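Colleague: A single structure is presented below for examination.
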Amino acid sequence: MSSAVFSAHVESLTMLKVHPLRKSRHTTVVCHWFCQCFSNHFSRLLVSVILVSSLNLSADEPTPGRLLFTSQGKTALIQSNGTGLRVFNFDIPNQATWQPGPLFSDGHRIVFLSMEPRRDGPGKPFDVYYTQTPTHTWVHDLQTGTLEELCTKDRIAPFETPALLISDQRILMQVVKDRVGRIVSMNLDGTDSRDFTKPGDGLPYGLSLSHDGKRVAYHLASPQGYQIWTSDLDGENRQLIKAAPGHLFFGTSWSPDDQWILYVDCIPASDPGHDWAEVCVGKADGTEHRQLTEGMAMWFAATYGPPEARGSGSNLPAWTPAGKILFPHRLPDTKVPWQYRVGQPDLDHFNRDYKPESASGGVGISSIDPVTGEITHLIPPQESVWNFRISASSDGKLIAFCRAETGTVASLWIANADGSDPNKISDGLNDKGLDHPRWLPLSQP
């Protein structure tokens, strides 16, 4: 992601295109720039904001939700109807990128991760140098605008990233030291650190907290392969959910009733680029595993965009509030434009060549009933159209997703829960694309 400083690009940001959710709406765009400086014991914050107001909303239309997304190394906030854009600029020296993390229970404080310029690059392989990049963890208050650095005391390693808030007082951090990763539980200031997983266990990530706040699910990249586990908040009383030789089980999220864990299954021997996977669920007590799709139907390793603005990152299925599962559903025999370099050393954690002339098929959006196995097509797949990063609003009325056509940057789209009335609401900062949209609860300020 770009490390461009937003305050130096106000003029370009005021030209950002904003798309009303429905064409019948008359939208007035008012752009003005203001800076507020907040000083406290920890930091100085410079916030630049673009405000967009929308008029004449129909009384029968749902209240717009709000989403975070990342673009050009920054995080932005936008309403689901394309209005109210707010771009966060945290004026902290030597921070190249910012991305949002967990949300506190009050709904207006968000954990942020910032990274200094990456230490990997030409001649410096990703697997050796990336985790030498110094990181910083912060809490930002959406109401007051304050920014405060967390986990500054008793620092274990330069590379520490927020994995999960298990309470408003304690956080699980992924810590990588000497190329060995583990999860560490600590107070918000970094004190009282305790191992949640041990260095020899493997690399744990993809953490999720049960809705009752009592259990943590995660996948573990272990010497025996990628496995799905749950444990209590201290990492004890572990339960294996699924593991099998030759399988890569990845990503976790809890069903609304906390009875099932959602994850995917990839076969790396036949798919070294991890392009495709099956959607699976496992009982939270470890007694049952169900594969819900066939034919490696889900797009797993999302790669998109033109060479000058490429993007990537693992796709994960997502629960709806009603207990259905959303996933990116490919056409049969789909072939992505970014082809994995089979047999070549992976030096940049991408390792792909751009071959749009060889691409075929596309990816739509479907939902699965995990009880009956019924699959419903919400956004039909189209040739050369790639839909990904799908999630439902907290009231279940809307879905958000990214879309990129072959050779174009990704944009943010909103549709009704049944897939009807899909509309693009943003092309990202400077129309240079975006990724990782995430709903905020509707009750938040």
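All you need for the numbering used here is the position in the sequence shown, starting with 1, plus 3.
Where is the CB? At the ideal position from N, CA and C, for every residue including glycine.
In this text the structure is predicted, and so the values were computed from the model without any measurement.
Counting only runs of 3+ residues fully inside the region 352 to 416, write out the beta strand (DSSP E) ranges in chain order.
Modeller: Counting only runs of 3 or more, we get 355 to 357, 366 to 371, 378 to 382, 388 to 395 and 401 to 408.
Colleague: Give every residue of the same chain whose Cβ lies closer than 8 Å to the Cβ of serine 361, excluding the five residues on either side of it in the sequence, and list them in chain order.
Modeller: Excluding residues within five positions, the ones whose Cβ falls inside 8 Å are Lys338, Pro340 and Gln342.
Colleague: Name the one or two DSSP bridge partners that valine 282 has.
Modeller: Answer is Val267, bridged to valine 282.
Colleague: Please check if any C-beta of chain C sits within less than 7 Å of the C-beta of threonine 323.
Modeller: Within the model displayed, chain C is absent; a lone protein chain is all it includes.
Colleague: So the candidates are Gln172, Gly148 and Ser256; which of them puts its Cα closest to the Cα of arginine 92?
Modeller: In the sequence as displayed, the identity of residue 92 is asparagine instead of arginine. Asparagine 92 has its Cα closest to that of Gly148, out of Gln172, Gly148 and Ser256.
Colleague: Going by C-alpha distance, which of Leu210, Arg158 and Asp356 is nearest tyrosine 307?
Modeller: With distances taken between Cα atoms, tyrosine 307 lies closest to Asp356.
Colleague: Are arginine 441 and leucine 71 close, meaning C-beta to C-beta below 7 Å?
Modeller: Contact flag set, yes.
Colleague: Output yes or no for whether 7 Å exceeds the beta carbon distance between lysine 245 and glycine 285.
Modeller: Yes, the pair counts as a contact, with Cβ atoms nearer than the cut-off.
Colleague: Who are valine 187's beta bridge partners in DSSP?
Modeller: Note: valine 187 sits in a beta bridge opposite Met176 and Asp198.
Colleague: Spatial neighbours of glutamine 385 within its chain, please: CB distance less than 8 Å, with the 5 preceding and 5 following residues excluded, ordered by chain position.
Modeller: The answer, listed in chain order, is Gly365 and Gly367.
Colleague: Taking histidine 352 as the reference, which of Asn84, Lys127, Gly85 and Leu106 has the closest Cα?
Modeller: Answer by Cα proximity: Lys127.
Colleague: Can you name, in chain order, every residue of its own chain whose Cβ lies under 8 Å from the Cβ of lysine 217, other than the five neighbours on each side?
Modeller: Counting only Cβ-Cβ distances below 8 Å, and skipping sequence neighbours, we find Asp235 and Leu236.
Colleague: If we require 3 or more residues per run, which beta strand (DSSP E) segments fall completely within the region 69 to 95?
Modeller: Counting only runs of 3 or more, we get 69 to 74 and 77 to 82.
Colleague: So, with DSSP's three-state summary, where would you put glutamine 135?
Modeller: Reduced to three states, the DSSP call for glutamine 135 is helix.
Colleague: For the beta strand (DSSP E) containing serine 209, name the first residue and the last one.
Modeller: Looking at the sequence shown, residue 209 is not serine but glycine. Looking at the DSSP string, the run of the beta strand (DSSP E) that includes glycine 209 is 206 to 212.
Colleague: Beta-carbon separation of glycine 399 and alanine 304 under 7 Å?
Modeller: Not in contact: glycine 399 and alanine 304 (Cβ atoms no closer than 7 Å).
Colleague: What do you reckon, are the CB atoms on proline 137 and proline 161 nearer than 7 Å?
Modeller: Taking 7 Å as the Cβ cut-off, proline 137 and proline 161 qualify as a contacting pair.
Colleague: According to the neighbour-count rule (16 or more other Cβ atoms, all chains shown, within 10 Å of its Cβ), is leucine 243 buried or exposed?
Modeller: By the 10 Å Cβ count, leucine 243 comes out exposed.
Colleague: According to the Cβ coordinates, are leucine 443 and serine 429 closer than 7 Å?
Modeller: Going by C-beta atoms, leucine 443 is not nearer than 7 Å to serine 429.
Colleague: Counting C-beta neighbours from all protein chains within 10 Å, is the total for histidine 222 16 or more, i.e. buried, or is it exposed?
Modeller: The residue in question, histidine 222, is buried, as its Cβ has 16 or more Cβ neighbours within 10 Å.
Colleague: Does any heavy atom of the ligand PLP sit closer than 6 Å to the C-beta of phenylalanine 330?
Modeller: Absence of the ligand PLP from the depicted structure is noted, as is the absence of any ligand whatsoever, leaving it without description.
Colleague: Short check: CB of alanine 403 to CB of glycine 436, under 7 Å?
Modeller: Cβ distance not < 7 Å, so alanine 403 and glycine 436 don't count as in contact.
Colleague: Once you ignore the five residues that flank leucine 445 on each side, which residues in its own chain have a CB closer than 6 Å to its CB?
Modeller: Same-chain partners within the cutoff: Gly68, Ser397 and Asp398.
Colleague: Starting from histidine 277, trace the beta strand (DSSP E) both ways and give me its first and last residue.
Modeller: From DSSP, histidine 277 is part of no beta strand (DSSP E); its letter is neither H nor E.
Colleague: I need the straight-line Cα distance from leucine 206 to tyrosine 132, nearest angstrom please.
Modeller: Near 16 Å, if we compare the C-alpha coordinates of tyrosine 132 and leucine 206.
Colleague: Identify the residues that DSSP records as bridge partners of isoleucine 113: which are they?
Modeller: Bridge partners of isoleucine 113: Leu106 and His143.
Colleague: From the DSSP output, in three-state form, read off aspartate 433 for me.
Modeller: Aspartate is not the amino acid found at residue 433; the sequence shown has asparagine there. Helix, per DSSP.
Colleague: Does the Cβ of serine 370 have 16 or more other Cβ atoms within 10 Å, making it buried, or fewer, making it exposed?
Modeller: Buried, by the Cβ-count rule.
Colleague: Residue range of the beta strand (DSSP E) that leucine 150 falls in?
Modeller: It spans 150 to 153 - the beta strand (DSSP E) in which leucine 150 sits, taken as one unbroken run.
Colleague: Between which two residues does the beta strand (DSSP E) harbouring arginine 182 extend?
Modeller: Here arginine 182 belongs to no beta strand (DSSP E), and DSSP marks it neither H nor E.
Colleague: I'd like the list of long-range same chain contacts for serine 117, defined as Cβ closer than 6 Å, with 5 residues on each side in sequence excluded.
Modeller: If we look at serine 117 and ignore the five residues flanking it on each side, its Cβ neighbours are Gln98, Trp101 and His139.
Colleague: How should histidine 2 be labelled, buried or exposed, when 16 other C-beta atoms within 10 angstroms of its C-beta is the threshold for buried?
Modeller: Since the first residue shown for the chain is 4 and the last is 448, residue 2 is missing from the structure and cannot be characterised.
Colleague: Going by DSSP, which residues form a beta bridge with threonine 306?
Modeller: Answer is Ser315.
Colleague: Whose CA, out of Arg313, Gly85, Gly316 and Ser225, lies closest to the CA of glycine 184?
Modeller: Closest by alpha carbon: Ser225.
Colleague: Nearest by alpha-carbon distance to valine 267: which of Asp336, His439 and Ala280 is it?
Modeller: Of Asp336, His439 and Ala280, the residue nearest in Cα terms is Ala280.
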